[in-house]
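Colleague: Would you mind keeping the following structure in view while I ask a few things?
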Amino acid sequence: MHAHERHQRLVHDQAWAQRFAHEPLSAVLNDWYQQPVFQSLDAAQRTKLIRVRGNNHGPAIATMLDATSLGRQADLRPALGHAFRQGLTIDYLCGEQDPKFISLAHSLQRATGIPFSLIKGVGHNCHWANPSQFVQVLLDK
């Protein structure tokens, strides 16, 4: 991620953090799950996620989002590539209906050789939407 992209991501995440800190959680979650990265969710799945996550504490989510923003994180791809070439087992998992993260997986694979596995029939929340296949992929490694 280039400096400009990193800055834009931080601004984006901080805006969401402000919303999580100061607005009703159900309203923010409703908007959160409308983002393109969650496009594979249908209305029932969105409703379920909002209900399940609606008991969380908005200010705590805001703090976590700000602290873990990709705008704050170092680019660890070179270090991951080095660790992979030294024999560490690494596999990038993403949902087969998550085009943004599939693109990132391909990019990581080209740059480092790190393989990726697609979790079938799901999008960004692949660990939630298909936990049995997610765990099976982990166990198979």
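The working numbering numbers the first residue of the sequence shown as 300 and each following residue consecutively.
Where a beta carbon is used, it is the ideal one built from N, C-alpha and C, also for glycine.
Since this is a predicted model, take the numbers as computed values, not measurements.
Does the beta-carbon of Ala326 have 16 or more other beta-carbons within 10 angstroms, so that it is buried, or is it exposed?
Modeller: To locate residue 326, count along the sequence shown from 1; it is residue 27. Looking at its Cβ environment, which holds fewer than 16 other Cβ atoms inside 10 Å, Ala326 is exposed.
Colleague: Assuming Ser339 is part of the alpha helix (DSSP H), what are its boundary residues?
Modeller: In the sequence shown, counting from the first residue as 1, residue 339 sits at position 40. Here Ser339 belongs to no alpha helix (DSSP H), and DSSP marks it neither H nor E.
Colleague: Measure from the C-beta of Gln338 to each C-beta in chain D and report whether the shortest distance is under 8 Å.
Modeller: Checking the listed chains, one finds no chain D in this structure; it contains a single protein chain.
Colleague: Determine, using beta-carbon pairs with one atom in the region 397-415 and one in the region 346-355, whether at least three such pairs fall under 8 Å.
Modeller: no
Colleague: Between which two residues does the beta strand (DSSP E) containing Ile247 stretch?
Modeller: As displayed, the chain neither begins before 300 nor continues past 440, which places residue 247 out of reach and without an answer.
Colleague: Do the region 395-407 and the region 358-373 touch if we need at least three Cβ pairs shorter than 8 Å?
Modeller: Because the criterion of three Cβ pairs below 8 Å is not met, the region 395-407 and the region 358-373 do not touch.
Colleague: Excluding the five sequence neighbours on either side, which residues of its own chain have a C-beta within less than 8 Å of the C-beta of His405, listed in chain order?
Modeller: Walking along the sequence shown from the start, residue 405 turns up at place 106. Answer for His405: Phe415, listed in chain order.
Colleague: Can you tell me where the alpha helix (DSSP H) with Leu379 in it begins and where it stops?
Modeller: For the purposes of this step, residue 379 is taken as the residue at position 80 of the sequence shown. Taken as a continuous stretch (DSSP letters only), the alpha helix (DSSP H) holding Leu379 covers 376-384.
Colleague: Please name the residue in Gly357, Tyr332, Val336 whose C-alpha comes closest to that of Arg345.
Modeller: Stepping through the sequence shown from its first residue, residue 345 is reached at position 46. That would be Tyr332, whose Cα lies nearest to the Cα of Arg345.
Colleague: So, at 7 Å on beta carbons, what are the nonlocal neighbours of Arg305 in its own chain, with the 5 sequence-adjacent residues on each side left out?
Modeller: Taking the sequence shown and counting its residues from 1, one reaches residue 305 at position 6. Answer for Arg305: Gly370, listed in chain order.
Colleague: Using the rule of at least 16 other Cβ atoms within 10 Å of the residue's Cβ for burial, across every protein chain shown, is Asp330 buried or exposed?
Modeller: As a first step, residue 330 is located in the sequence shown; it is residue number 31 there, counting from the start. Asp330 should be labelled exposed.
Colleague: In whole angstroms, what is the alpha-carbon distance linking Ala316 and His301?
Modeller: Numbered from 1 along the sequence shown, position 17 holds the residue referred to as residue 316. Numbered from 1 along the sequence shown, position 2 holds the residue referred to as residue 301. The straight-line gap from Cα to Cα measures roughly 22 Å.
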